[in-house]
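This report concerns only the one structure given below.
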Amino acid sequence: TRVAILISGRGSNMVSLIEAATAPDYPAEIVLVASNRPEAGGLAHAEGAGIATRALDHRAYPDRASFDAALNAELEAAGIELVVLAGFMRIFSAGFVEAWAGRMINIHPSLLPLFRGVHTHEQALAAGVRLHGCTVHYVVPELDAGPIVAQAAVPVLPGDDADSLAARILVQEHRLYPRALALIAGGRARLEDGRVIFAEDV
Ligand code: GRF
């Protein structure tokens, strides 16, 4: 499965996916890393790993639809079959999401459906939950509301602040995302009629 990873920043999840994909039996090939921010730290790492990169500065496009069209053209040109969002901090037009329906996933730093949007660790601390975590889900037009592929939970510990919680969860993100991508790319999980169908042997 030909995969593009979309990033906006440091790209630590991207790094974990690139590393996982170097295993000979891994079912996905990372062929493109694209960012809407030319200064994204992850781009240099991807280049160093020999992966094609594209920086599409969203500020250079007059509107969301034209940025999305340019990005879509890059994905099509690279023969991308699955789009993996990893810290991509830009909302897509509904048309783009529909074009990639069932073929685009995201990782979100909470146990969805709790705590959509930003500042999820602050939201979790404010709510007083004792478990928090991360979720890999298919992308649908509604933000952070898509069908869930995989989750990992971590305890909220006494004395945690948003940074300590984020760091504990990030460790789990780096384990979870390569596994979730392998499930999908290996044909063991797929989206059908708005639900994730898992193979019997999962
Ligand atoms: C991660 O916490 C991810 O869950 C969220 O944005 C962060 C990206 O971090 N969507 P990185 O760029 O992968 O290091």
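Residue numbers (full-length UniProt numbering): 6 to 207. Think of the CB as a built atom: it goes at the ideal place given N, C-alpha and C, for glycine as much as any other residue. All values reported here derive from a predicted model rather than from experimental measurement.
- In the DSSP annotation of this structure, the continuous segment of the alpha helix (DSSP H) that includes proline 183 starts and ends at 167–190.
- Contiguous beta strand (DSSP E) elements confined to the stretch 66–122 occur at 87–90 and 109–113, taking only those with 3 or more residues.
- Here the C-alpha atom of arginine 180 lies approximately 16 Å from the C-alpha atom of isoleucine 10.
- DSSP places serine 13 outside both helix and strand once states are collapsed to three, so it counts as coil.
- For threonine 125, the enclosing alpha helix (DSSP H) has its first and last residue at 125–132.
- Just measuring C-alpha positions, the residue of Asp62, Gly84 and Leu87 sitting nearest alanine 75 is Asp62.
- Aspartate 165 has its alpha-carbon roughly 33 Å from the corresponding atom of valine 38.
- With fewer than 16 other beta carbons inside 10 angstroms of its own, serine 71 counts as exposed.
- Between the C-alpha atoms of alanine 185 and alanine 65 there is a straight-line separation of about 33 Å.
- The Cβ neighbour count for glutamate 205, taken over all protein chains shown within 10 Å, is under 16; the residue is labelled exposed.
- Separation of alanine 33 and glycine 191 (C-alpha to C-alpha, rounded to the nearest whole angstrom) is 8 Å.
- Nearest in C-alpha terms to valine 176, of all of His137, Leu80 and His124, is His137.
- Per DSSP, glutamate 147 is not a residue of any beta strand (DSSP E), being assigned neither H nor E.
- Between aspartate 73 and phenylalanine 97 the beta-carbon gap is near 6 Å, inside 8 Å, which marks them as a contact.
- The continuous stretches of alpha helix (DSSP H) do not include histidine 137, which lies in the beta strand (DSSP E) extending over residues 136–143.
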